[in-house]
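Asks: Here's a structure for you.
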Amino acid sequence: MNQTTSDDNFWEYSARANFYFLPPSDTYVKELKDVSPIVVRAIPFMLVLTVLEWAILTLAGKARNWSIHDVIVNYSSGSLSQAVNSFFLRGIEFSGYLWVYSNLRITTLPWDSIYTYMMAVVGVDFCSYFWHRTCHEMSLGWSFHYLHHSSEYLNMSVGARVSWVMRIFKWMFYLPMAALGLPPPAFLIHSQLGYAWGFWSHNDACPKLHKIIPGIGHLIEYILVTPSHHRVHHGVNPYCIDKNYGQLFIVWDRMFGTFVEEREDEEITYGTMSQINSNHIFDIQVRPTIEMLQRAASMPTFGDKLKAIFYGPGWAPGTPRLGNPEDIPDDVTLWEQRVNLVLHLLTSTSVGGLYDGRKYSVWLEPLRLLCYLVSVLALPIFSTLQETTIVVCVCLVSLLMWPRVSAITLSRAAEVSTTAPAPKKVN
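Residues in the sequence shown are numbered consecutively from 2, following the numbering used here.
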């Protein structure tokens with residue numbers, strides 16, 4: 002690699018690294034010690050892209066899709082991960098790769114060949130697809146990967162929101178490349194370039210590419226991962242679950258049946274189906290793994306304990322390996338959220354009025370019960386039929402008891418009005 006040229010054009014190199022725009026000659030490195038820290042050198046341009054995305058979203062009236070608090074948590078998590086990986090786990094990862102390359106490889110690929118370059122681009126990303134897919138389809142992998150999906154926003158800083166324990170699990174997926182003779186420096190370089198490409202695909206500001214690059218945009222979207230593809234991957238809408246795993250190439254998803262197009266008529270909700278209510282960078286790094294182990298320990302049989310670790314995070318006894326798709330809750334639309342808000346306001350106002358003996362509660366409480374009853378039956382507020390039935394019964398019993406309760410409320414209102422102190426006269 003021409004190190005001098007790269008140093009003399011720092012910002013140009015940082016920008017090109019983010020988009021995999023390094024020529025093959027810049028990736029030809031013979032010794033592992035000479036490999037450039039590509040991700041570290043790409044960080045300045047990553048920060049520029051993050052600020053640029055914020056400006057675009059603000060001008061487009063989508064500032065709610067971007068949170069400075071979330072960005073700080075994302076980059077703090079990334080800094081912790083980078084530090085732990087650099088000082089502790091990277092040696093573990095490359096020890097395994099180097100051992101397989103030195104002892105089990107079936108051929109030796111030249112380090113300065115265009116064919117080696119092409120194999121590295123395709124092969125490393127192919128392994129990344131199966132690593133990523135396993136993270137979603139195995140509870141153990143999901144416990145490490147959960148952190149990355151726990152943000153309820155999608156912006157470029159989410160690309161830095163990675164777990165420091167991930168490398169303990171990730172390195173083994175790339176051993177086939179070592180067995181095929183891919184030189185360790187080439188593996189390290191292209192794994193970094195793949196991560197850099199994945200960083201910018203985390204954004205909510207870039208539309209589908211064919212809208213801004215007619216013609217060629219469709220071709221790019223058919224082959225490469227774009228922000229539109231990756232927005233789907235981070236969604237919790239039912240159609241988004243376990244889709245679009247690719248990091249550089251989206252063709253793997255098309256080949257293995259995990260691809261889905263972003264729907265323009267349905268807003269994507271980001272996050273996970275079981276959010277951890279914490280922003281502590283250590284807590285969100287380790288708690289998912291602890292909860293996974295606790296869940297496994299609670300299983301009645303040894304077989305179920307193993308399944309709780311190696312089956313999908315949605316698995317439960319008596320269900321398929323990845324769980325029942327019917328158990329995935331429907332996405333809550335904006336108007337449904339507003340209905341829930343109105344119901345909560347009605348409840349708070351009515352219950353407070355009942356305790357204080359306010360006369361308005363005589364008509365507000367039955368209105369609230371009727372609204373709640375209709376909403377429970379019409380909207381997917383509760384996840385099971387049993388919960389819905391219980392709430393409906395409570396509403397009906399409350400309505401039947403309301404004549405008696407209203408009489409008590411009116412009596413208390415009369416007492417309050419007669420015992421209220423007279424206003425003081427002001428001289």
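Cβ coordinates follow ideal geometry from the N, Cα and C atoms, glycine included.
(1) Under 8 angstroms, do T273 and Y147 count as touching if we go by C-beta distance?
(2) Just the C-alpha distance for P186 and N204, rounded to the nearest angstrom, thanks.
(3) Give the secondary structure of F250 by DSSP, where H, G and I count as helix, E and B as strand, and everything else as coil.
(4) For G236, list the residues DSSP reports as bridge partners.
(5) One question on the structure: do V226 and Q248 come within less than 8 angstroms of each other, judged by their Cβ atoms?
(6) Between which two residues does the alpha helix (DSSP H) harbouring E54 extend?
(7) Under 6 angstroms Cβ to Cβ from A18, same chain only, skipping five residues before and after it: list those, please.
(8) So what does L225 bridge to, in DSSP terms?
(9) Are the region 56-72 and the region 147-159 touching, with three or more C-beta to C-beta distances below 8 angstroms?
(10) Identify the continuous alpha helix (DSSP H) that holds E262 and give its terminal residues.
(11) So, S407 versus V363, is the Cβ gap smaller than 8 angstroms?
(12) At the level of alpha carbons, what is the spacing between F20 and Q276?
(13) Compare the C-beta of Y147 against all C-beta atoms of chain D and say whether one is closer than 8 angstroms.
(14) Does DSSP put V166 in a helix, in a strand, or in coil?
(15) Just to confirm the assignment: which complete alpha helix (DSSP H) runs, minimum length 4, are found wholly within the region 179-218?
(16) Do you know how far the Cα of L176 is from the Cα of I214?
(17) How many Å lie between R65 and D71 at the Cα?
(18) Work out the CA separation of A179 and R106 for me, nearest whole Å.
(19) Using 10 angstroms around the beta-carbon of N325, count the other beta-carbons present and answer buried if the total reaches 16, otherwise exposed.
(20) In its own chain, which residues sit with a C-beta less than 8 angstroms from the C-beta of F25, not counting the 5 before and 5 after it?
(21) Does DSSP put N10 in a helix, a strand or coil?
(22) Could you tell me the boundaries of the alpha helix (DSSP H) in which H146 lies?
(23) Three Cβ pairs or more, each shorter than 8 angstroms: is that satisfied between the region 122-134 and the region 279-294?
(24) Compare the Cα-Cα distances from M256 to each of E268, T51, H150 and Y246 and report the closest residue.
(25) Once the 5 residues before and after V393 are set aside, which same chain residues still bring their CB inside 8 angstroms of it?
(26) For Y14, count neighbouring C-beta atoms within 10 Å of its own C-beta (all shown protein chains included) and say buried if the count is 16 or more, exposed if not.
(27) Taking the straight line between their C-alpha atoms, what separation do you get for N86 and P45?
(28) Output needed for E222: all residues of its chain with C-beta closer than 8 angstroms, excluding positions within five of it in sequence on either side, in chain order.
(29) Kindly list the residues whose CB is nearer than 7 angstroms to the CB of S151, restricted to its own chain and excluding five residues on each side of it in sequence; keep chain order.
(30) Please classify D35 as buried or exposed, where buried requires at least 16 neighbouring CB atoms within 10 angstroms.
(31) Excluding the 5 residues flanking T390 on each side, which residues of the same chain have their C-beta closer than 8 angstroms to its C-beta?
(32) Tell me whether V163 is buried or exposed, calling it buried when 16 or more other Cβ atoms sit within 10 Å of its Cβ.
(33) On the criterion of 16 or more Cβ atoms from any shown chain inside 10 Å, does M402 qualify as buried, or is it exposed?
(34) Counting only the same chain and skipping the five closest in sequence on each side, list residues whose C-beta sits under 8 angstroms from that of I282.
(35) Determine the contact status of E265 and R232, defining contact as a CB-CB distance below 8 angstroms.
(36) Within the same chain, show all residues whose beta-carbon is closer than 8 angstroms to that of L48, passing over the 5 residues directly before and after it, in chain order.
Replies: According to the data block:
(1) yes
(2) 30 angstroms
(3) strand
(4) Y271
(5) yes
(6) I39 to L60
(7) I39, A43 and A197
(8) F250
(9) yes
(10) Taken as a continuous stretch (DSSP letters only), E262 belongs to no alpha helix (DSSP H), as it is neither H nor E.
(11) yes
(12) 32 angstroms
(13) Any reference to chain D falls outside this structure, which holds one protein chain only.
(14) coil
(15) 185-201 and 210-213
(16) 38 angstroms
(17) 12 angstroms
(18) 6 angstroms
(19) exposed
(20) The amino acid at residue 25 is misidentified as Phe; the sequence shows Pro. Only I115 and Y118 meet the Cβ criterion.
(21) coil
(22) S140 to H150
(23) no
(24) Y246
(25) L374, V377 and L378
(26) buried
(27) 20 angstroms
(28) K209, L210, H211, S229, H230 and I251
(29) G272, T273, Q276, I277 and I285
(30) exposed
(31) none
(32) buried
(33) exposed
(34) V74, S77, S78 and L81
(35) no
(36) none
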